[in-house]
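Chemist: Chains A and B, in that order, are what the protein sequence lines are. Under our numbering, the first sequence is numbered contiguously, ending at residue 391. Under our numbering, the second sequence is numbered contiguously, ending at residue 391. After the structure tokens below, expect a handful of questions from me.
There are 2 protein chains.
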Amino acid sequence: MRILIAGFGTVGQGFAEVLAARKEFLRNRYGKDVRIVCAMDSKTFAADPKGLEPLELVATKKATGKVGKETYTDSVKVMDSVEYDLLVEVSPTDIKTGGVGLKNIRNALEHGKDVITVNKGPLALNFSELIGLAKKNKCKFRFEGSVGGAMPIINLCRENLVGENIKSIRGILNGTCNYILSKMDNGQPFEQALKEAQQMGYAETDPTNDVEGYDAACKVVILANSIFGRNVTFSDVNITGIRSITAEAVALASSHNMVIRLIGEVSDTKLEVSPRLIPKGHPLGLSGTLNAAQITTDLAGPVTVTGHGAGRIETASAILSDFISIMDDRD
Amino acid sequence: MRILIAGFGTVGQGFAEVLAARKEFLRNRYGKDVRIVCAMDSKTFAADPKGLEPLELVATKKATGKVGKETYTDSVKVMDSVEYDLLVEVSPTDIKTGGVGLKNIRNALEHGKDVITVNKGPLALNFSELIGLAKKNKCKFRFEGSVGGAMPIINLCRENLVGENIKSIRGILNGTCNYILSKMDNGQPFEQALKEAQQMGYAETDPTNDVEGYDAACKVVILANSIFGRNVTFSDVNITGIRSITAEAVALASSHNMVIRLIGEVSDTKLEVSPRLIPKGHPLGLSGTLNAAQITTDLAGPVTVTGHGAGRIETASAILSDFISIMDDRD
Chain A
61 MRILIAGFGT VGQGFAEVLA ARKEFLRNRY GKDVRIVCAM DSKTFAADPK GLEPLELVAT
121 KKATGKVGKE TYTDSVKVMD SVEYDLLVEV SPTDIKTGGV GLKNIRNALE HGKDVITVNK
181 GPLALNFSEL IGLAKKNKCK FRFEGSVGGA MPIINLCREN LVGENIKSIR GILNGTCNYI
241 LSKMDNGQPF EQALKEAQQM GYAETDPTND VEGYDAACKV VILANSIFGR NVTFSDVNIT
301 GIRSITAEAV ALASSHNMVI RLIGEVSDTK LEVSPRLIPK GHPLGLSGTL NAAQITTDLA
361 GPVTVTGHGA GRIETASAIL SDFISIMDDR D
Chain B
61 MRILIAGFGT VGQGFAEVLA ARKEFLRNRY GKDVRIVCAM DSKTFAADPK GLEPLELVAT
121 KKATGKVGKE TYTDSVKVMD SVEYDLLVEV SPTDIKTGGV GLKNIRNALE HGKDVITVNK
181 GPLALNFSEL IGLAKKNKCK FRFEGSVGGA MPIINLCREN LVGENIKSIR GILNGTCNYI
241 LSKMDNGQPF EQALKEAQQM GYAETDPTND VEGYDAACKV VILANSIFGR NVTFSDVNIT
301 GIRSITAEAV ALASSHNMVI RLIGEVSDTK LEVSPRLIPK GHPLGLSGTL NAAQITTDLA
361 GPVTVTGHGA GRIETASAIL SDFISIMDDR D
């Protein structure tokens, strides 16, 4: 199995480290080695058909800021020059146009390659096109880590809950908002909680994507298309962020034994991100940066899964689970 | 696929209803019908190689108290007289001897039949013997519903988290205790909360199995043996129940923003059921009758899953998920 990694930031490096850590496991499970034959960052790349050493790639990137010695301007030309079986697309998310990630995924699928991505932009904007391409070219296309990082939501629905009729999914899909709202539970006003989230590195300098609910909306779109078979895009989501939540509203909720959480909800008819009242002690009444998703089914009832929504190794672990699932299918 | 159902109480009837509800789904997925060729309750049975109508079995049982017209004294003789492929063993749990369930499972595995059970007794007492029998006779042996009912814990660990090193599992494994402790959060003393649990039908007249932690301990044993590959039994678990928890202790915990929950914990070295302090807003700080399990792994970090730990259809849904997994493996 020859892997091409497109994007060598936090998650790309994390995945290289995970591959190194699971070298023996994968060799034992599949009786052959997994090779990274090419790794690209935004401007440079390294390629070797015999396989690149994952930890050397990480060390090089850390020391020089570049993953390879070769430079490029068009990522697709690099991809076309390499023989590979599976693209791991983890370049930066562009939720306005899909960016280079969309171009890379499209190119790989058109050439019959399997694809794993955690890149929300292409999935939120061009889901049905990409799924269609994958079907047409008989490729596997997986994206567990794009929703909730290490929280196993998509594969849980597809595999463990395959006998269930899934009625709805409601979840905490943005850890930054949940951190801010948890701080507000303790009496902090929004602006102060946001500032603390920025100091902790949870929120970016421009926190719009998180606090306005755009990031959660992308995940709602991915769940709607992949689990509910809908054909929707980012602009179809009704979005309300958390900027206008006051300390008074949080205190009032608390006096009724409730917390306010930003909840994304998907069903056959619903597509929404908005602040909701959640009872304390409810599976979605979580504090901190965790993500959570409550899947309501006809037989099992509500099943909730919780996990780290971000993080280098955590997100890479979701890529590993997709990778194992693809390899198992191939066997 | 010919199914023999041993035990036709709540869960057995629930599974028959689930099979009826998923008739089309199973036919489409596997291109053939699933037949119940025999159903036994504690004294009677019905058998038909052409298949029994699931909903008729349930109606007969409800109307007459008996699943069939034939009576028996030795369940194993009935099993030996029927041609079947898979035993669904859902007779009443006996955590002292394993009871008739142990005898039935042993017999099925010895004859090369696949087995699905939710019967905690045989699993907690004779796990390694039964797994050994299954291996020797190349049978599939599944028991997702034995821990946490509809909460998908065992299959989650085996399938979605197969690339992870699982360090520990900590969980709320008894919904009755969690209901009682949740009521105590609101200021009720233990005896009053227990009485309410009994009135609601969550606790039995003799609540020993639940409140002394024995039921949770059975589940800890099943997780230890199946997920951690240990070879332990019920008597190896350090057990403390919830009887001695006072209203004062709960109030003191609350003043520190904590709740008290009965937690089962398993790792390579630990095997324990005891009341623990859990921060409010933590994934294990749940209220009500839900079950929850937090799986701590080396890559994904903590992943928590929550669901209904009991219930006719909920537990039957866990049997369905095992059934689908066995059928998928056969295909």
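The C-beta atom is built at its ideal place from N, Cα and C for all residues, glycine as well.
Relative to the alpha-carbon of Ala76(B), which residue among Ile386(B), Ile165(B), Ser385(B), Thr375(B) has its alpha-carbon at the smallest distance?
Modeler: Comparing Cα positions, the closest option is Thr375(B).
Chemist: Flag Glu256(A) as yes if its beta-carbon sits less than 8 angstroms from any beta-carbon of chain B, otherwise no.
Modeler: At a cut-off of 8 angstroms between beta carbons, Glu256(A) makes no contact with chain B.
Chemist: Mind listing, in chain order, the continuous beta strand (DSSP E) runs of no fewer than 3 residues lying wholly within the segment 130 to 193 of chain A?
Modeler: 146 to 149, 174 to 177
Chemist: So is Phe288(A) in contact with chain B if we call contact Cβ pairs under 8 angstroms?
Modeler: no
Chemist: Between Val97(A) and chain B, is there a C-beta pair that is closer than 8 angstroms?
Modeler: no
Chemist: Quick check on Thr364(B) - is its C-beta less than 8 angstroms from some C-beta in chain A?
Modeler: At least one chain A Cβ lies under 8 angstroms of Thr364(B).
Chemist: Where does His342(B) land, buried or exposed, given buried means 16+ other C-beta within 10 angstroms?
Modeler: buried
Chemist: Taking the alpha carbon of Thr133(A) as the point to measure from, which residue in Lys122(A), Val160(A), Leu112(A) has its own alpha carbon closest?
Modeler: Val160(A)
Chemist: Can you name, in chain order, every residue of its own chain whose Cβ lies under 7 angstroms from the Cβ of Leu193(B), other than the five neighbours on each side?
Modeler: Arg166, Leu169, Glu170.
Chemist: Flag Lys279(A) as yes if its beta-carbon sits less than 8 angstroms from any beta-carbon of chain B, otherwise no.
Modeler: No - not a single Cβ of chain B is within 8 angstroms of the one on Lys279(A).
Chemist: Run through DSSP, which three-state label would Phe105(B) get?
Modeler: strand
Chemist: Using 10 angstroms around the beta-carbon of Glu312(B), count the other beta-carbons present and answer buried if the total reaches 16, otherwise exposed.
Modeler: One detail in the question is off: residue 312(B) reads as Leu in this sequence, not Glu. Exposed.
Chemist: Which chain A residues are close to Met211(B), counting only those with a beta carbon under 8 angstroms from its beta carbon?
Modeler: Val363
Chemist: Just how far apart, CA to CA, sit Leu190(B) and Ser188(A)?
Modeler: 47 angstroms
Chemist: Any chance the segment 350 to 357 of chain B sits against the segment 226 to 239 of chain B, with 3 or more Cβ pairs inside 8 angstroms?
Modeler: yes
Chemist: Which residue's Cα is closest to the Cα of Tyr274(A): Glu332(A), Gly223(A), Thr306(A)?
Modeler: Glu332(A)
Chemist: Would you mind reading off the limits of the beta strand (DSSP E) that contains Ser327(A)?
Modeler: 318 to 327
Chemist: So which residues of chain A does Phe85(B) contact, with C-beta pairs closer than 8 angstroms?
Modeler: Gly223
Chemist: By the criterion of Cβ-Cβ separation under 8 angstroms, what are the contact partners of Gly367(A) in chain B?
Modeler: Ala360, Gly361, Pro362, Val363, Thr364
Chemist: Where does Lys121(B) land, buried or exposed, given buried means 16+ other C-beta within 10 angstroms?
Modeler: Result: buried.
Chemist: Leaving out the 5 sequence neighbours to the left and right, which residues in its chain are closer than 6 angstroms to Met244(A) when beta-carbon positions are compared?
Modeler: Ala253, Val310
Chemist: Report the three-state DSSP secondary structure of Val297(B) (helix, strand or coil).
Modeler: coil
Chemist: Is Phe250(A) helix, strand or coil when you go by DSSP?
Modeler: helix
Chemist: Taking contact to mean 3 or more Cβ pairs, one atom from each stretch, closer than 8 angstroms, check whether the segment 149 to 163 of chain B and the segment 176 to 184 of chain B are in contact.
Modeler: yes
Chemist: In the DSSP assignment, find the unbroken beta strand (DSSP E) run with Ile373(B) in it and report its ends.
Modeler: That residue, Ile373(B), is in no beta strand (DSSP E); its alpha helix (DSSP H) goes 372 to 390.
Chemist: Can you look up Val207(A) in the DSSP assignment and give me helix, strand or coil?
Modeler: coil
Chemist: Do you know whose CA, among Thr236(B), Val78(B), Val142(B), Ser286(B), lies nearest Thr265(B)'s CA?
Modeler: Looking at the Cα atoms, Thr236(B) is the closest of the given residues.
Chemist: Nearest chain A C-beta to Ala337(B) closer than 8 angstroms, yes or no?
Modeler: According to the sequence provided, residue 337(B) is Leu. The question's Ala does not apply to it. It does not: the Cβ of Leu337(B) has no partner Cβ on chain A nearer than 8 angstroms.
Chemist: What does a CB cutoff of less than 7 angstroms around Asn197(B) pick up in its chain, not counting 5 residues either side in sequence?
Modeler: Leu169, Glu170, Gly172
Chemist: When you compare the CB of Ile305(B) with every CB in chain A, is at least one pair closer than 8 angstroms?
Modeler: no
Chemist: Going by CA-CA distance only, name the one from Ala370(A), Val207(A), Lys200(A) that's closest to Ala263(A).
Modeler: Ala370(A)
Chemist: Over what stretch of residues does the beta strand (DSSP E) that includes Asn351(B) continue unbroken?
Modeler: 350 to 357
Chemist: Taking Lys103(A) as the reference, give the member of Pro152(A), Pro362(A), Thr177(A) with the closest Cα.
Modeler: Pro152(A)
Chemist: Kindly identify the DSSP beta-bridge partner or partners of Glu113(A).
Modeler: In DSSP, Glu113(A) forms no bridge with anything.
Chemist: Just to check my reading of the structure: Glu224(A) and Ala360(A) have Cβ atoms closer than 8 angstroms, yes? What is that Cβ distance to the nearest angstrom?
Modeler: Indeed, because the Cβ distance is near 6 angstroms, the residues count as touching under 8 angstroms.
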